[in-house]
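Below you'll find the structure, written out as structure tokens, and then a few comments.
In the numbering used here, the protein residues as written are 13 to 517.
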């Protein structure tokens, strides 16, 4: 148990370092929230129009898509660690441009570059944690990324509401520096080292991450990892392989279903238009206080999520938070139906006017505890290493496009149906998400990545020759001999490569 605790300590410290970088991502994404009002009230050092301000607010999304695309190349070519550290560089470049910006186009550049950096970081960080963490705490460490991202958003909204435009921008200089320094000391994942044939480096990484001082335990872990990576990388990591391979179909259906219902249940549009919703409810609540409270609840909900994800499990959290969010949004929709259609004018002193505020507060809390956090963890758990980065990249691109449609369509739907129709539409997708999760979502809590893939892929996890071998008598013995021979052959190849590289140098 002492060895395990030592390994866990390393994993928690690494999680802390990477999570500090997630604060930078959260700040960069939500920087426009406190800044847009300053542009409109001419409190900023730059004069821009409302149209230009709308571009400043939205341009991080295309940058995020490009960053996600770039991550699929960087993460498999240079490694997970290099991608996480390298994402600090464009973040620093964008921050420097912000300090000298005198025109709107310079702000556009900052937002695009920040989005690019965030796209790389958020894509790679979840892959990183899934590959380094013990199965008992994998969910907790992965949720920490989203939790600290939420803290970054809360930080910039809270501080940005009370300091000047110039002061906030100068304060941001320290963030990419802290990102780079904190992540410089994290190790590469043993999965990537094995994939690259660097067995000795993988052994050292395993020893650091899991506290394996016992050589027998270390070798057992190493051989198990080599066997798993060998199985997962026998097939190419290409677009064609991902979308034509039968073994990936269930995983694709699961992540598309969860991603679609997560977005279309209104998580992002509700947060973006929270101020408008509160104003339309005519509740006597200061807008700045409401926005800060929404940011604070996301932060607290992130803490709760990091505790529950490995206690309760992924599947129950998905089902419960989807359904409870759906019920909450239905109630908010009923409030606006009576206000907009029936024409009931609720008195200013009535506590009923706080229904939309409480509803939005609860929906943000529930989504952050459940599906908003899990939608980033589950894809990293259910795809094999050969297509993992590619699958997450395309999922992020799909999510970016769907988020654009959801946010852009909010105002159009409101004009067409009223706010009650918007909330009932979101509620329908939330309830659909709960139903989909009940029938389709796997439970990955406490399972190794190998166990998850076997559950999802079944016999397709093995090659046809292995399946045929496993169907005959002497299955276990034959399979063990075959696997042992493969590992010996791989070890010999690695030793030969090492000798060749030593000779060349």
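Heads up, the beta-carbon is just placed ideally off N, CA and C, and yes, glycines get one too.
My assumption, with CB atoms under 8 Å, is that residue 472 sits in contact with residue 454. Please give the rounded CB distance. Numbered from its first residue, the chain shown carries residue 472 at position 460. Numbered from its first residue, the chain shown carries residue 454 at position 442. No, residue 472 and residue 454 are not in contact; Cβ-Cβ is about 15 Å, not under 8 Å.
Exposure label - residue 112; buried when at least 16 CB within 10 Å: For the purposes of this step, residue 112 is identified with residue 100 of the chain shown, where counting begins at 1. Exposed: under 16 other Cβ atoms inside 10 Å.
Going along the chain, which residues of its own chain have a beta-carbon closer than 8 Å to the beta-carbon of residue 182, five neighbours each way excluded? Counted from its first residue, the chain shown places residue 182 at position 170. Excluding residues within five positions, the ones whose Cβ falls inside 8 Å are 111.
Is residue 476 helix, strand or coil when you go by DSSP? In the chain shown, counting from the first residue as 1, residue 476 sits at position 464. Low confidence applies here, because residue 476 scores a pLDDT of 48, under 50, leaving its location unreliable and the question unanswered by this model.
For residue 54, three-class secondary structure by DSSP: Locating residue 54 in the chain shown gives position 42, where the first residue counts as 1. Of the three classes helix, strand and coil, the one that applies to residue 54 here is coil, per DSSP.
Quick check: residue 185 and residue 107, are their CB atoms within less than 8 Å of each other? The count along the chain shown starts at 1 and reaches residue 185 at position 173. The count along the chain shown starts at 1 and reaches residue 107 at position 95. Yes. Within cutoff.
By a C-beta neighbour count over all protein chains shown, 10 Å radius and 16 as the cutoff for buried, is residue 393 buried or exposed? Your numbering for residue 393 matches position 381 in the chain shown. Buried.
Is residue 252 buried or exposed, if buried means 16 or more other CB atoms sit within 10 Å of its CB? By one-based count along the chain shown, residue 252 stands at place 240. With fewer than 16 other Cβ atoms within 10 Å, it is exposed.
Curious, which full-length alpha helix (DSSP H) runs of at least 4 residues does the region 214–293 contain? 227–244, 251–256, 261–276, 279–284 and 286–293
Cβ-Cβ distance between residue 131 and residue 76 below 8 Å: Here residue 131 refers to the residue found at position 119 of the chain shown. Here residue 76 refers to the residue found at position 64 of the chain shown. Their beta carbons are under 8 Å apart, which means residue 131 touches residue 76 by this criterion.
Alpha helix (DSSP H) segments (min. 4 residues) lying fully within the region 174–217: 177–183, 186–196 and 202–207
Could you give the distance in angstroms between the alpha-carbon of residue 349 and the alpha-carbon of residue 199? For the purposes of this step, residue 349 is identified with residue 337 of the chain shown, where counting begins at 1. For the purposes of this step, residue 199 is identified with residue 187 of the chain shown, where counting begins at 1. Cα to Cα, the separation comes out at about 55 Å.
How is the alpha helix (DSSP H) around residue 421 delimited, first residue to last? Residue numbering aside, residue 421 sits at position 409 when the chain shown is read from its first letter. It spans 400–429 - the alpha helix (DSSP H) in which residue 421 sits, taken as one unbroken run.
Whole-angstrom distance between residue 426 and residue 352, CA atom to CA atom: Within the chain shown, residue 352 is the residue found at index 340, counting from 1. Within the chain shown, residue 426 is the residue found at index 414, counting from 1. Their backbone Cα atoms lie some 11 Å apart in a straight line.
Please report how far the alpha carbon of residue 90 lies from the alpha carbon of residue 327, in whole angstroms. Here the question's residue 90 lines up with position 78 in the chain shown. Here the question's residue 327 lines up with position 315 in the chain shown. The alpha-carbon atoms of residue 90 and residue 327 are separated by roughly 34 Å.
Exposure label - residue 322; buried when at least 16 CB within 10 Å: Looking up residue 322 in the chain shown gives position 310. The residue is buried, with at least 16 neighbouring Cβ atoms inside 10 Å.
Would DSSP call residue 455 helix, strand or coil? Position 443 of the chain shown holds residue 455. Residue 455: coil per DSSP, three-state reduction.
Within 10 angstroms of the Cβ of residue 298, are there 16 or more other Cβ atoms? Answer buried if so, exposed if not. If you number the chain shown from 1, residue 298 lands on position 286. That one is exposed.
Residue 139 and residue 86 look like a contact to me (Cβ under 8 Å); what is the Cβ gap, rounded to whole Å? Counting from one through the chain shown, the residue named residue 139 turns up at place 127. Counting from one through the chain shown, the residue named residue 86 turns up at place 74. Actually they do not touch by this definition, with Cβ atoms about 11 Å apart.
By a C-beta neighbour count over all protein chains shown, 10 Å radius and 16 as the cutoff for buried, is residue 384 buried or exposed? Here residue 384 refers to the residue found at position 372 of the chain shown. The residue in question, residue 384, is buried, as its Cβ has 16 or more Cβ neighbours within 10 Å.
Taking only the alpha-carbon atoms, compute the straight-line gap between residue 438 and residue 116 and give it to the nearest angstrom. Locating residue 438 in the chain shown gives position 426, where the first residue counts as 1. Locating residue 116 in the chain shown gives position 104, where the first residue counts as 1. Answer to the nearest angstrom: the Cα atoms are 34 Å apart.
Going by CA-CA distance only, name the one from 277, 346, 242 and 101 that's closest to residue 375. The residue you call residue 375 lines up with position 363 of the chain shown. Of the candidates 277, 346, 242 and 101, the one whose C-alpha sits nearest the C-alpha of residue 375 is 277.
What are the boundary residues of the alpha helix (DSSP H) that includes residue 66? Residue numbering aside, residue 66 sits at position 54 when the chain shown is read from its first letter. Note, residue 66: alpha helix (DSSP H), 62–70.
What number of angstroms, rounded off, separates the C-alpha of residue 462 from the C-alpha of residue 305? For the purposes of this step, residue 462 is taken as residue 450 along the chain shown, with counting starting at 1. For the purposes of this step, residue 305 is taken as residue 293 along the chain shown, with counting starting at 1. Distance between the alpha carbons of residue 462 and residue 305 is about 41 Å.
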